[in-house]
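Asks: Pasting a structure below so you can have a look.
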Amino acid sequence: MPTNVAAGSPDVGQAEEGTRTVLGTCHHDCPDSCGWHVTVRDPRPNGANSTGVAQAVQLRGNPAHPYSLGELCPKVNHFLDRVYSPHRVLHPLRRVGPKGAGRFEQISWDDALTEIAARVQAAIARHGAETVMPYSDAGNQSVLAMYYPERFWNRLGASNLWRAICGNVAGEGVKMTNGTGRGLDPLELRHAKLILLWGTNTRLTNRHLWPTIEAARADGARVVVIDPIRTLTAEAADGFVQPLPGTDVALMLAMMHVLVRDGLVDEQWVAANTLGFEDLVAHVAEWTPTRAATVCGLPAAEIEQLATAYGTTRPVAIRTLIGAEHHENGAMFFRTLACLPALVGAWAHRGGGLARSVGSWSDAAVDTKALTRPELRRGPARRWLNMSRLGEVLAGFDDAGAPLEPPVTAMIVWNANPLVATPNAELVRRGMEREDLFTVVHDQFLTDTARYADIVLPATTQIESTDVVTSWGHLWLGWNEAAIEPLGESVSNSELHRRLARAFGFTEPALFDDDAAALSQAMPSVDLDELRTTGFLRTTEYPSDGRPFGDGRFPTASGKVELRSAGLARLGQPALPTFVAPRESPAGDPLLAARYPLSLLTPKRHTRFLNSSYSHLPKHGPREGSPFVELDAHDAAARGIVDGDEVEVRNDRATLRLTAQITNRLRPGVVAIPFGWWSAQHGDGHVANSLTNDALTEWGGGVAYSDTLVEIGRVVAP
Ligand SMILES: Nc1nc2c(c(=O)[nH]1)N[C@H]1C(S)=C(S)[C@@H](COP(=O)(O)OP(=O)(O)OC[C@H]3O[C@@H](n4cnc5c(=O)[nH]c(N)nc54)[C@H](O)[C@@H]3O)O[C@H]1N2
Ligand SMILES: Nc1nc2c(c(=O)[nH]1)N[C@H]1C(S)=C(S)[C@@H](COP(=O)(O)OP(=O)(O)OC[C@H]3O[C@@H](n4cnc5c(=O)[nH]c(N)nc54)[C@H](O)[C@@H]3O)O[C@H]1N2
Ligand code: SF4
Ligand SMILES: [Mo]
């Protein structure tokens, strides 16, 4: 078993004899896209490695990497344990027990591909190609791993997958105001004097940005966190505002009210660069801090202070990421948030504005069409199935509740673990139990989802295949060179889809392009040789003066920031920023709230977990304890619950048994179950998402995990 060393000091140039260093980039669905070095020991007949194949013996942060600076994280510090885990799936498997039981037999790749082709073609003969649902997310967010597979699915004519579970809503929300999802490079926060971390848990989810925030602070910046949970990040901030979940739009409207009332609007900037200011002024007149205070559960004075600080400090920046989009009003959250910098003219100052995902800056380096080849699809663009609604899709319904025609009878999953990660997971489970559904899962481990597969296929890890990573947290592309051969019979996502194309008898050359050719096609403007040599390369779209909208021009129809949006009106949404309480919330549905009075959040919580990817590994899962529900002392006392009690958390979707943890991180009425554990760790066959709501956001196709109501009760011994 190779040893694994915590991140830290550089090892370049000090490699022991017989080893070499290979440059790579973390593939995880994380904004930081850290650079790493893998130390590889080549085989020598009588040397330290006599296994006959190259072995990775150390994986460390690349100290030269401009963003991660040589540090990795508690998830990936033990990455080689993941690579060489005895639990890796290394060969194709065929199910021999009932779906979900996890009993499989090893088969050959030829047998697996023959069976997949035969069963999928039979499904297509009966229902047409749209009966096939490819389901994938960002388990490996490298360029080829994410997009090369689409060539095959286009050629097959399968249903399209709408990947809207993470980030799409935030982008579509901001776009309604600014005409683009683009914003500040987060490193620009260095220049700000007030930083609002709004619905983002930087120290946990984006840890390599924290030194920038600390540096700004050392220069006098104040940092305020706005979050319904007193997170790790809130603990370290100068100020903390704790609204009820899903109520932030009311808070923003009250901030606008104060900015207008107190003359804190940058009138010159607003007059030159915004549309609809007069309408907005009239609209926010009724949103007094007192009114918002009731909605948000905050003291009115706190709202006044926040608004005053926002209106009087320059440069002033808002940093947000994904978490706040998981509400029914999640798109409106981002649309409204994007109005705030305009009102105070924040974009004019270096370090001012709104920083979110920078994916749309770095994606400009990739020619998506050259990669995905939409022209391989014959006939018209086919239907789109929303990944957020997998439960309904497998139950046979579209987003509007109408029957799906044709139904989904074949599903191929890679880069994703939907049974843990999608909302309303018990509905997904019932779908995956369907005997008339043929399921293939390509993964590194026998995940909850893989246990329901008819065929499981082995996937490589990041150090086993070459790729390029575009980051959504910073502006550098990262090279990832394969450091070792694929373990066992595992294959990368691109190789899997070349094999599928062959098994289906397709002949179009693009379906068989090798990785190097596909990368050159996809990134014509990038010097891939240089990227391979240096390991990272800065993308070139971001303006060199650091100010994305320094000239006040925005790519909307009007060329201005649209405080009033005709585009939204066309979507049937309010043209002005408008607060609507989520339906599954105490204010949205008092009858439901009478039965289930507690708002449930299911956040990312653990430093050693990355979504659903680590809870099953020995250096990760056990060190984070076992599943629990956090609740405030008042809510606990009202139910006779003490710390450590076994409790049931229930709603109409599921009932989970968990240990109660009394906390001061939450306010009364709000409870939390961390997301990431598999059903095996939960032990009762469920996961946090068994409880969560799969209602859609108003636009953008996202999903309202965080508008979930539950009740908690003590488990009484019989
Ligand atoms: N309750 C709740 N649910 C949530 C969230 C939440 O905050 N709360 N967050 C949501 C968000 S933002 C996201 S992005 C999703 C994440 O959803 P998940 O599906 O949990 O994402 P990951 O854990 O990143 O990766 C999924 C799988 O990809 C596999 N994988 C990694 N590399 C490769 C590869 O190269 N090839 C193949 N074939 N497989 C690979 C991993 O082994 C893993 O099983 O979860 C969502 N679900
Ligand atoms: N350690 C670790 N790091 C990760 C991940 C992980 O699983 N573990 N996952 C990665 C992925 S896929 C993503 S998308 C990013 C997400 O990165 P973030 O968006 O920073 O993280 P989240 O925890 O999803 O959400 C941030 C915060 O939003 C809060 N929130 C929820 N509802 C509301 C609301 O109504 N109002 C306000 N103001 N806040 C609200 C949550 O309480 C949470 O603290 O993190 C990435 N990084
Ligand atoms: S998971 Fe994120 S923080 Fe950890 S090494 Fe990968 S990119 Fe860096
Ligand atoms: Mo995500």
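Residue numbers (the working numbering): 5 to 722. We put the CB at the ideal spot given by N, CA and C, even for glycine.
Can you find a heavy atom of ligand 2 that lies under 7 Å from the Cβ of F613?
Replies: Counting from one through the sequence shown, the residue named residue 613 turns up at place 609. It does: the Cβ of F613 is within 7 Å (strictly closer) of some heavy atom of ligand 2.
Asks: Return the chain-ordered ranges of every beta strand (DSSP E) run that is complete within the region 458-482 and spans a minimum of 3 residues.
Replies: Complete beta strand (DSSP E) runs here, min 3: 459-462 and 471-474.
Asks: Drop a sphere of 10 angstroms on the beta-carbon of D223, count the other beta-carbons inside from all chains shown, and report buried for 16 or more, exposed for fewer.
Replies: By 1-based counting over the sequence shown, the position of residue 223 is 219. That one is exposed.
Asks: Anyone know if the C-beta pair for V412 and V424 falls short of 8 Å?
Replies: Stepping through the sequence shown from its first residue, residue 412 is reached at position 408. Stepping through the sequence shown from its first residue, residue 424 is reached at position 420. Contact: no.
Asks: With hydrogens ignored, establish whether the beta-carbon of A149 is closer than 7 Å to any heavy atom of ligand 5.
Replies: Among the ligands modelled here, namely ligand 1, ligand 2, ligand 3 and ligand 4, ligand 5 does not occur.
Asks: Using a threshold of 8 Å, state whether the C-beta atoms of P422 and T696 are closer than that.
Replies: Position 418 of the sequence shown, counted from the first residue, corresponds to residue 422. Position 692 of the sequence shown, counted from the first residue, corresponds to residue 696. Result no, Cβ atoms of P422 and T696 do not sit closer than 8 Å.
Asks: Can you tell which of S619, H261, T237 and A521 has its C-alpha closest to the C-alpha of P1?
Replies: Outside the displayed span of the chain (5 to 722) sits residue 1, for which this structure offers no information.
Asks: Please look up how many angstroms separate the CB atoms of L200 and I326, rounded, as I've assumed it's under 8 Å.
Replies: The residue given as residue 200 occupies position 196 in the sequence shown. The residue given as residue 326 occupies position 322 in the sequence shown. With 8 Å as the limit, L200 and I326 do not qualify as a contact, their Cβ atoms being about 16 Å apart.
Asks: Taking only the alpha-carbon atoms, compute the straight-line gap between G689 and P35 and give it to the nearest angstrom.
Replies: Along the sequence shown, read from residue 1 onward, the residue named residue 689 stands at position 685. Along the sequence shown, read from residue 1 onward, the residue named residue 35 stands at position 31. Their Cα atoms are separated by approximately 31 Å.
Asks: Indicate, with yes or no, if ligand 3 has a heavy atom lying under 7 Å from the CB of C170.
Replies: Stepping through the sequence shown from its first residue, residue 170 is reached at position 166. No, ligand 3 has no heavy atom inside 7 Å of this Cβ.
Asks: Is the beta carbon of V714 closer than 8 Å to that of L604?
Replies: Looking up residue 604 in the sequence shown gives position 600. Looking up residue 714 in the sequence shown gives position 710. Against a cut-off of 8 Å, the Cβ pair of V714 and L604 comes out as a contact.
Asks: Any heavy atom of ligand 3 within a distance shorter than 7 Å of the CB on L76?
Replies: Residue numbering aside, residue 76 sits at position 72 when the sequence shown is read from its first letter. Answer for L76: yes, Cβ within range of ligand 3.
Asks: As a quick exercise: from V720, R609 and A335, pick the residue whose alpha carbon is nearest that of E650.
Replies: The residue labelled residue 650 in the question sits at position 646 within the sequence shown. The residue with the shortest Cα to Cα distance from E650 is V720.
Asks: Please return the same chain residues whose Cβ sits closer than 8 Å to the Cβ of R48, not counting the five positions on each side in sequence.
Replies: One-based indexing of the sequence shown puts residue 48 at position 44. Correct list, in chain order: G22 and S54.
Asks: Using the rule of at least 16 other Cβ atoms within 10 Å of the residue's Cβ for burial, across every protein chain shown, is R24 buried or exposed?
Replies: Translated into positions along the sequence shown, residue 24 becomes position 20. Exposed.
Asks: Distance, Cα to Cα, A304 vs A297?
Replies: Looking up residue 304 in the sequence shown gives position 300. Looking up residue 297 in the sequence shown gives position 293. About 5 Å.
Asks: In whole angstroms, what is the alpha-carbon distance linking H1 and L535?
Replies: Residue numbering for the chain in the displayed model covers 5 to 722; residue 1 lies beyond these limits and cannot be assessed.
Asks: Using a Cβ-Cβ cut-off of 6 Å (strictly less than) and excluding sequence neighbours within five positions of H446, which residues of its own chain qualify?
Replies: Position 442 of the sequence shown holds residue 446. Contacts found: W418, L461, A463 and L500.
Asks: Looking at the unbroken beta strand (DSSP E) that takes in V42, where does it start and where does it end?
Replies: Reading the sequence shown from its first residue, position 38 is the one you call residue 42. Residues G39 to R45.
Asks: Are the CB atoms of P190 and A359 nearer to each other than 8 Å?
Replies: In the sequence shown, residue 190 corresponds to position 186, counting from 1. In the sequence shown, residue 359 corresponds to position 355, counting from 1. In this structure, A359 lies closer than 8 Å to P190 by Cβ.
Asks: Between which residues of its own chain and G17 is the CB-CB distance below 7 Å, once the five residues before and five after are set aside?
Replies: Counting from 1 along the sequence shown, the entry for residue 17 is found at position 13. Legend: pLDDT at G17 = 45, less than 50; position of this residue unreliable, value from coordinates given subsequently. Counting only Cβ-Cβ distances below 7 Å, and skipping sequence neighbours, we find nothing.
Asks: Pick out whichever of F510, E628, V228 and A658 has its Cα sitting closest to the Cα of R434.
Replies: Within the sequence shown, numbered from 1, the residue matching residue 434 stands at position 430. The candidate whose alpha carbon is nearest that of R434 is A658.
Asks: Per DSSP, P407 is paired with what?
Replies: One-based indexing of the sequence shown puts residue 407 at position 403. Answer is F401.
Asks: Can you tell me where the alpha helix (DSSP H) holding T544 begins and where it ends?
Replies: Mapped onto the sequence shown, residue 544 falls at position 540. No alpha helix (DSSP H) contains T544, which DSSP labels as neither H nor E.
Asks: Whole angstroms are fine: how far does the CA of K197 sit from the CA of T317?
Replies: As a working mapping, residue 317 is identified with position 313 in the sequence shown. As a working mapping, residue 197 is identified with position 193 in the sequence shown. Cα to Cα, T317 sits roughly 7 Å from K197.
Asks: Do L344 and C300 come within 8 Å of each other at the CB atom, strictly closer than that value?
Replies: Residue numbering aside, residue 300 sits at position 296 when the sequence shown is read from its first letter. Residue numbering aside, residue 344 sits at position 340 when the sequence shown is read from its first letter. No. Outside cutoff.
Asks: Please give me, in chain order, every unbroken run of the alpha helix (DSSP H) with length at least 4 that falls completely inside the region 64-150.
Replies: Counting whole runs of 4 or more residues, the region 64-150 contains the alpha helix (DSSP H) stretches 83-87 and 113-131.
Asks: Using DSSP bridges, identify the partner residues of H446.
Replies: On the sequence shown, residue 446 is found 442 positions in, with the first residue counted as 1. Looking at the DSSP assignment, H446 forms a beta bridge with W418 and L461.
Asks: According to DSSP, is A561 part of a helix, a strand, or is it coil?
Replies: Sequence index remark: in the sequence shown, residue 561 carries index 557 (1-based). Three-state result, A561: coil.
Asks: Going by the beta-carbon positions, is the gap between P586 and G592 smaller than 8 Å?
Replies: Within the sequence shown, the letter at position 582 stands for residue 586. Within the sequence shown, the letter at position 588 stands for residue 592. Contact flag set, yes.
Asks: Out of A311, E271, D270 and A328, which one is the CA nearest neighbour of N205?
Replies: By one-based count along the sequence shown, residue 205 stands at place 201. Answer by Cα proximity: A328.
Asks: To the nearest angstrom, how far is it from the Cα of V370 to the Cα of R295?
Replies: For the purposes of this step, residue 370 is taken as residue 366 along the sequence shown, with counting starting at 1. For the purposes of this step, residue 295 is taken as residue 291 along the sequence shown, with counting starting at 1. C-alpha separation (whole angstroms): 47 Å.
Asks: Taking buried to mean at least 16 other C-beta atoms within 10 Å of its own C-beta, is A579 buried or exposed?
Replies: Taking the sequence shown and counting its residues from 1, the one referred to as residue 579 is at position 575. Classification for A579: buried.
Asks: Would you check whether ligand 4 has a heavy atom nearer than 7 Å to the C-beta of I111?
Replies: Against the sequence shown, residue 111 aligns to sequence position 107. Every heavy atom of ligand 4 is 7 Å or more from the Cβ of I111, so no.
Asks: Can you grab the Cα-Cα spacing for the pair M336 / D231, in whole Å?
Replies: Locating residue 336 in the sequence shown gives position 332, counting from the first residue. Locating residue 231 in the sequence shown gives position 227, counting from the first residue. Taking the straight line joining both Cα atoms gives about 17 Å.
Asks: My output table needs one value for G250: the three-state DSSP class, helix, strand or coil.
Replies: The sequence position of residue 250 within the sequence shown is 246, counting from 1. Coil at G250, not helix or strand.
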